[in-house]
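Numbering (the numbering used here), first residue to last: 18 to 268. C-beta atoms are modelled at their ideal positions from N, C-alpha and C, and glycine is treated no differently. This one's a predicted model, so the numbers in the text were calculated from it and none came from an experiment. See structure below.
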Amino acid sequence: MTEGRRKIARAFAGAREYDRHALVQRRVAKRLADRIAALPLPPAPRVLEIGCGTGFLTEALLARGIGGEWLVTDIAPEMVDRCRERLGEKPGRRFAVLDGERGVVTEGSFDLICSSLALQWFDDAPAALHRMAGWLAPGGHCLVSTLGPGSFAEWRAAHAAEGLSAGTPSFAPVDAFSALGPEALIVENVIERHVDARAFLRAVKAIGAGTADPAHRPLSPRALRRVMATFDRNGCEVTYEVVTCHLRRAR
């Protein structure tokens, strides 16, 4: 695992207040679960989840009757433990630590591979998604949601207004997912409003999503205060550009 991946894993490991602050993440997971529940899956599918976090998607899928044999994974052992605590261990449900981008899966093929808002932390999300699709059984589905480059546009705009650059990660362009030839590619904007910039930054840190782009140089306290003031004046809204990609293996 690279140092960058270790840094991301540590950030999520320390996200003790994830469930309290991850409102958009919960909403996106439920919407993804609705789409997955509409798929023509086998009665007892073999399921792989990448980046389970505390279990939003896992819980939503189980509530929608997606049973079968599950392998639930995350890069952070602490997140795997929290997901296990949330859902409990039962026959047909296993939990494991896995780097979804570079890890090796030896469990055979899957009828469903799913992930909600995890791939944006990969170095090359489209390439990783293509690799995951190779783990599908004939007729299998790979359905994931990730963040597109339009995410956090308001925060970046507040920086630009002050002649500065934000440290938000560089998310893969939508065209890169289109090139995979998906069954469906859906782009939606989810808007979250905060009381002020301080509340936004506190929420980002609380869910473990505060890891900046490796090339970003941290702002001075004075510069950060200027950015926060501009963000406050502009309305304290944050856009999440949610990209949902559905790949399917032919029978």
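CB-CB length for residue i against residue j, believed under 8 Å
i	j	result
Glu171	Glu254	6 Å
Arg101	Glu86	Not a contact, Cβ separation roughly 16 Å.
Assigned secondary structure, residue i (DSSP; H/G/I helix, E/B strand, else coil)
i	result
Glu95	helix
Val244	helix
Ser187	coil
His176	helix
Pro238	helix
Ala267	coil
Leu136	helix
Ser162	strand
Glu106	coil
Ala154	strand
Ser195	helix
According to DSSP, residues forming a beta bridge with residue i
i	result
Tyr35	Looking at the DSSP assignment, Tyr35 forms no beta bridge with any residue, so it has no partner.
Ser168	Ser168 pairs with nothing; no bridge assigned.
Arg63	Glu86
Cys262	Val161, Leu202
Val123	Reading off the sequence, residue 123 comes out as Thr, not Val. None; Thr123 has no bridge partner.
Glu254	Arg210
N-terminal and C-terminal residue of the beta strand (DSSP E) that residue i is part of
i	result
Val41	Run containing Val41: none in the beta strand (DSSP E); it sits in the alpha helix (DSSP H), 40-54.
Asp128	127-133
Leu218	Segment 214-223 is the alpha helix (DSSP H) holding Leu218; no beta strand (DSSP E) there.
Ala113	110-114
Ala201	201-210
Beta-carbon contacts of residue i that lie in its chain and below 7 Å, excluding the five residues immediately before and after
i	result
Phe188	Gln137, Leu164, Gly165, Pro166, Ser168
Glu200	His263, Leu264, Arg265
Arg81	Ala50, Ala54
Ala142	Leu136, Thr163, Ala189
Boundaries of the alpha helix (DSSP H) in which residue i is found, first to last residue
i	result
Phe73	73-80
Ala142	142-150
Cutoff 6 Å; reference residue i; Cβ partners in own chain excluding five residues on either side
i	result
Glu205	Val259
Glu209	Val41, Val255
Sequence-distant residues of its chain with Cβ nearer than 8 Å to residue i (five each side left out)
i	result
Leu115	Ile67, Thr90, Asp91, Ile92, Val122
Ala246	Ala214
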